[in-house]
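Inspection log for the structure reproduced underneath, given as structure tokens.
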Amino acid sequence: MFHGDLSSIAMDATHIDLDLPEGWSCWLELQQSPEGAYSGKAELREGNDPRCVLVIAQQPNREALIERLKFRADYFVGEWRMRQGSGQPPRP
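Be aware that the sequence shown starts at 486, since it is given in my numbering, and climbs by one per residue.
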């Protein structure tokens with residue numbers, strides 16, 4: 486996971502519903518290879534605050550990419566919320 490400059494998500498990123506907890510959102514920028522595989526970057530936000538950029542490595546199709554993104558986003562949000570409750574910052 487990348488926790489640095491969150492301005493790397495392009496303006497053409499689209500909102501995607503991953504069924505995250507209330508207050509969280511995800512913006513996704515997809516790329517498709519000539520062979521038809523997909524990769525992408527997704528920004529997770531809590532309210533208006535950017536929290537994380539996830540880079541999703543090449544997946545064979547869009548559905549596989551979304552499934553991988555959902556898994557990683559759920560993990561990050563769960564970790565973030567747990568650490569916020571304990572007063573510790575999330576792991577980098």
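Each residue gets a CB set at the ideal place from its N, CA and C atoms; glycine is no exception.
Check your understanding: Who does residue 504 pair with in a DSSP beta bridge?
Key -> Counted from its first residue, the sequence shown places residue 504 at position 19. Per DSSP, none; premise fails for residue 504.
Point to revise | Per-residue DSSP class, three states only, for residue 564 | key: Taking the sequence shown and counting its residues from 1, one reaches residue 564 at position 79. Three-state result, residue 564: helix.
Review point. Taking Cβ to Cβ, would you say residue 537 is nearer than 8 Å to residue 561?
Key: Here residue 537 is taken as the residue at index 52 of the sequence shown, counted from 1. Here residue 561 is taken as the residue at index 76 of the sequence shown, counted from 1. Taking 8 Å as the Cβ cut-off, residue 537 and residue 561 qualify as a contacting pair.
Exercise for review: Let me know if residue 542 comes out buried or exposed under the rule of 16 or more other beta-carbons within 10 Å of its beta-carbon.
Suggested key: Locating residue 542 in the sequence shown gives position 57, where the first residue counts as 1. Residue 542 comes out exposed.
Review point. According to the neighbour-count rule (16 or more other Cβ atoms, all chains shown, within 10 Å of its Cβ), is residue 552 buried or exposed?
Key: Stepping through the sequence shown from its first residue, residue 552 is reached at position 67. Exposed, since its Cβ has fewer than 16 Cβ neighbours within 10 Å.
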